[in-house]
C-alpha cells in the first residue's frame, strides 16, 4: 500500500466520529482487494468506542472488517487483579496509619488504597518510577505532605517494582518495545495501523500514538480537533494549561504540525465551532475576544440551532429535558442526553416513565442501587451498629427478603411485617431483639408465630453484631455477610438459591463481586465494619446492569466521555447537554491525600486540572453537534449554583459582542429554552381543577363523645377537629418509626422518676442528703430500665442531678404541709344529664394537714401562665373541680388549696398559679356548657379553631386538608347522620 498517507489526522468537533472514520477508512482502501481490509488494525480507547466503530463499518457494508483492538490490551492486560493490588496497598496503608494516625485523616483505608492505586497507575502510564518522587523537595511543603511523601516512596518502591504486573505498566512497556522495534525497522506490522478516537491523555497512550503516526502505514485520527485556534495559542498550551480542551493535542501539533483532515466537510456547524473555540480560549489570552470577536461575523446564524434552558430547580430542568425527549420521539428524531450528573439522568428517566419511554443508558443501573446490591449493603450495615426499628423494617420490607419460598409466602411475610411494625411503633422496644420477637409471638396468632420465632432466631445473631467494631480478617467478614444475607433472603426453611438474592443479571453480578472479593480476601488487612462497607460499595459500584432489551431505539443517555466518539452525529440526532453547573459538569476535583499540585509538577505528573481539560474537550465535541440544547438549574437542594465555566464563557462572549448581534442571539437561545420550561410548567399543573376543600366543622350524630381526658380539653378549645378525629373517628397518628429521646419521651421518664420517688417515701422523715441520694438512685434505675439511648441517659441524669437540691428542698417543705395521697391514679366525673365522663390521672394530689388538697403537675418544659390557664389550659382547674366534687375516692369531697407546677427542668422551681374562690367550679361550669354544645350537636368540631400559633401543626392537618383553606375562612358546620 505504497500510497497510504501516514501521520496525524483529525475530525472536527461535532463530527459523527464513527461514521466519518469509517468513510475515511473505506475511501483509503477503495481500489484494493476486499481482503486487504482484514490486514488493517484499528485501535480504540474503549470497548464502547470500538463497538461504535464496528457498527459504523457494518452499516456501510458489505465489507470485510478490519482487526479491532483496544489500546489498553497491547500489553496483555493485568497480570494481577487490580483488587489484589489495592488490597496489598491497603495492608501497607493500614500499617502506616497505625504508626502515624494523622498520615491521612478523613478517609477510610479502602478509599486511600483506591486513590493510591490511581496515583501509581498514573505514574506507570507517564513512565515514572519510584525515583521520580526523589525530585520533590519535602522541605518546601507542609509537614503532613512530608509524611505522606515518605510513605509514598515506600509504597512506590514496592508497587512499581519489576516485573510489570498492572495493565498500565504492561501497556507502557509494550508500547515502548513496539516503538523501539519499529524505529529500528523490526517487527513492522504487515498492514495499516490506525488509532481512532484517542486523545492521548496519558503518556503511554501518547507515545504509542506517536509511534503509530511515524509508521509508513500508520495513522492517528484525533476526535474533536479545533482547527480555528491560532498557532500562538497552541504554543502556549504547556503543562500548566491542562484545563484547556485541546491541551492533549498540543504535543502532536508540536511534533507533527497541524493535523490533516481525515475526511472533509464533517463539521455540522463550522460557524458555531468558531464561536466555541474563541469562548474556550485559555484564561490568560481571553483579551483575544475583543480582537477576534468581530471576525466571527453575525452570531445569530452560529446559534440558531443552539437552545439554552435555565431552570430554577433540578426537578424543573429534568421535566423540561423529558419534554424535549418526548417531542423528539413523537417526531421520530433520535435524541441523546449527555450529562455527568447521574442524579440528573435518574430524574429525567423518572420523568420519562409517565410516557413509558426507557432510554438506552450506556451507564446502566449501578449495581449498588439494584435490589441485590442494596440488600447486601443493608446487611453490611448491621455490623458495628445497633439495630433499631427502622433498620429492621428496612430489611423486612426489602424485595429480596424472605423470597426463597415463593411469591405466596412472600405475601404472608409482608403481612406479618405490617403487624410487627404496628406493634413495634406502639410498644417498642427501640432496639428490637430476639426476646421482644418471642414476646410478640406469644401474644400473636398461630399463623404468625413460626415466622416470629424464625425472625427471633435471626435477631439473636444480628443484635450481637453491634459489638463487632474492631478489625477482623476480611475473609471472615465476607463469610459472615454472605451467610447472613442468604439466611435472610431464604426465609424460614427456604433456599437462598431460590430467592431473589442471586437471581437475574443483578444477582449474578452481585454474587460475582462477592466471589471476587473472597478470592483475594487473604491479601487484605483486618477490616473494621466501616472499612468493609466502603470496600464492598466500591466493588459493587464498579458494576452496572444494562436494560438494552426494553430501551427505546430513539433515546440514548450517554456520559460526557462518549461525546468524543459516539454521542454526536446522525445517530445521536438532537443532543442535550444537561447539568452544566460547576460541580456537575465539570465535576469537582477529588482531594489528593498524597501529593499537592506543586509536588505533582516536581515529580513529572500532570496537574489535577487534566480532568477538567478532558471534560472541556467532551463539552467542545458535543456542543458542536447539529442541534444542541444546553441546560442548567439556578439552584440545587442546598444553595445557588454556579454556571459551568464553559457555559459562562459562551454567555459572556455573546453578551460582549453587540455589533455581531451577540446579545440578541443569546436572548433567542433563552427564549427557545423558556418555551420548554413553560411547557414543563403546564405539564406540572393538574388537568382537572378540583374545588378546594372547605374548612371542616363536622357535626356527628349526638352524642358524639362518651368520655374525654382533662388533658384533651385544651385541644378541644384550640383544635376541636383533632378531638373529632381521635375520639369519634378513632384515628391516631402512628408512633414514629424510629423512637427518639424527644421532649415527650423525656417528660414521660421524668414523671416515672417522680412517681417512684413518691411511692417509696419512708414513714419517718429523712434528711435532705438521704432524700437526694434516694432520688438519684431512683433516677439511675428508671433511666437504665426505660431509656435505651446512652447519651440521653447521661443528659437526663445530669438534668435531675442539677436540680436535685432544689427539688429535695421543696419536697421537704411540701411534706411538712401534707402528704401525697393521689399519685397517677385514675378518676372520673360525669356531666349531669348525660352519659359523658371527664377522666383524669393527676400527677399528684397532696392532702394537707388542714384537710384541704393541693393539686400539683410535673412539667419538664415551661409551665402555662395564668392567662393561658384562664383561656385554654384547663387541666389543673378541672382536676381541682373533680376533687371538690368527690371524684377521688381516697379523698372524698374536699376543698382545694391551690394549683402548682413542679418544674423538672430549668431551675427545678415550684410555681404556684392563681386560684381564687370558686375558680374550680367556674371552670367546671364552663366546661359543662362547652361540652354540651358538642354533645347535643349544636356546634361543629371546627379545624384549628384557636391555635396558639398559626405555624403549630396538628396530627390531623392532612385529614382536614389544611392548606386548601386557612383560618381566615369561616367554618360551616356539616351534620352527619348514622348512615
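Numbering (the working numbering), first residue to last: 72 to 1050.
Note that the Cβ used here is the ideal one computed from N, Cα and C, for glycine as well.
Could you tell me the distance, in whole angstroms, from the CA atom of residue i to the CA atom of residue j?
i            : j           : result
residue 88   : residue 545 : 46 Å
residue 143  : residue 269 : 11 Å
residue 410  : residue 630 : 6 Å
residue 707  : residue 314 : 25 Å
residue 203  : residue 675 : 7 Å
residue 671  : residue 664 : 12 Å
residue 755  : residue 482 : 35 Å
residue 395  : residue 646 : 10 Å
residue 1062 : residue 542 : Outside the displayed range of the chain (72 to 1050) lies residue 1062, so it cannot be described from this structure.
residue 191  : residue 383 : 42 Å
residue 463  : residue 440 : 19 Å
residue 243  : residue 723 : 43 Å
residue 989  : residue 944 : 17 Å
residue 584  : residue 103 : 48 Å
residue 718  : residue 128 : 35 Å
residue 241  : residue 206 : 24 Å
residue 566  : residue 474 : 8 Å
residue 931  : residue 966 : 28 Å
residue 397  : residue 378 : 17 Å
residue 963  : residue 897 : 14 Å
residue 422  : residue 748 : 14 Å
Going by C-alpha distance, which of the options is nearest residue i?
i           : options               : result
residue 552 : 563, 604, 516 and 576 : 604
residue 66  : 507, 392 and 246      : With the chain running from 72 to 1050 in the structure shown, residue 66 is simply not present.
residue 612 : 805, 898 and 447      : 447
residue 847 : 875, 831 and 832      : 875
residue 385 : 863, 416 and 542      : 416
residue 123 : 139, 666 and 650      : 139
residue 277 : 635, 196 and 256      : 196
residue 834 : 803, 886, 813 and 205 : 886
residue 908 : 697, 974, 817 and 780 : 780
residue 775 : 799, 782, 559 and 307 : 799
residue 709 : 841, 91, 951 and 654  : 654
residue 922 : 859, 891, 913 and 770 : 891
residue 733 : 911, 175, 361 and 521 : 361
Using a 10 Å radius around the Cβ and a threshold of 16 neighbouring Cβ atoms, would you call residue i buried or exposed?
i           : result
residue 976 : buried
residue 229 : exposed
residue 491 : buried
residue 112 : buried
residue 374 : buried
residue 50  : Because the chain here runs from 72 to 1050, residue 50 falls outside it and cannot be looked at.
residue 610 : buried
residue 302 : exposed
residue 169 : exposed
residue 294 : buried
residue 906 : exposed
residue 130 : exposed
Tell me whether the beta-carbon of residue i lies closer than 8 Å to the beta-carbon of residue j.
i           : j           : result
residue 978 : residue 877 : yes
residue 969 : residue 920 : no
residue 430 : residue 622 : yes
residue 692 : residue 627 : no
residue 982 : residue 903 : no
residue 686 : residue 657 : yes
residue 78  : residue 352 : no
residue 540 : residue 599 : yes
residue 731 : residue 372 : no
residue 843 : residue 894 : no
residue 953 : residue 900 : yes
Taking only beta-carbon positions, decide if residue i is within less than 8 Å of chain B.
i           : result
residue 397 : Absence of chain B from the displayed structure is noted, only one protein chain being present.
- Would you mind listing the alpha helix (DSSP H) stretches within the region 424–490 that are 4+ residues and don't spill past its ends, in chain order? For the region 424–490, the full-length alpha helix (DSSP H) segments reaching 4 residues or more read 442–451 and 460–467 along the chain.
- Message: Runs of 3 residues minimum, wholly inside the region 626–669: which ones carry the beta strand (DSSP E) assignment?
- Response: Entirely contained in the region 626–669, the beta strand (DSSP E) runs reaching 3 residues are, in chain order, 626–629 and 645–649.
- Output the residue ranges of the beta strand (DSSP E) runs that lie fully inside the region 318–389 and measure 3 residues or longer, sorted by chain position. Segments of the beta strand (DSSP E) lying fully in the region 318–389: 377–382.
- Taking only runs of the alpha helix (DSSP H) that begin and end inside the region 210–274, which ones reach a length of at least 4 residues, in chain order? Counting whole runs of 4 or more residues, the region 210–274 contains the alpha helix (DSSP H) stretches 214–230 and 238–254.
- Item | beta strand (DSSP E) runs contained entirely in the region 947–997, provided each spans 3 or more residues | Complete beta strand (DSSP E) runs here, min 3: 967–974 and 981–984.
- Task: Just list the beta strand (DSSP E) runs in the region 884–917, keeping only unbroken ones of 3 residues or longer that don't cross its boundaries, in chain order.
- Result: The qualifying runs are 889–893, 898–901 and 908–911.
- Query: For the region 751–833, which segments carrying the beta strand (DSSP E) assignment without a break, of at least 3 residues, lie completely within its bounds, in sequence order?
  - Reply: Runs of the beta strand (DSSP E) inside the region 751–833: 778–780.
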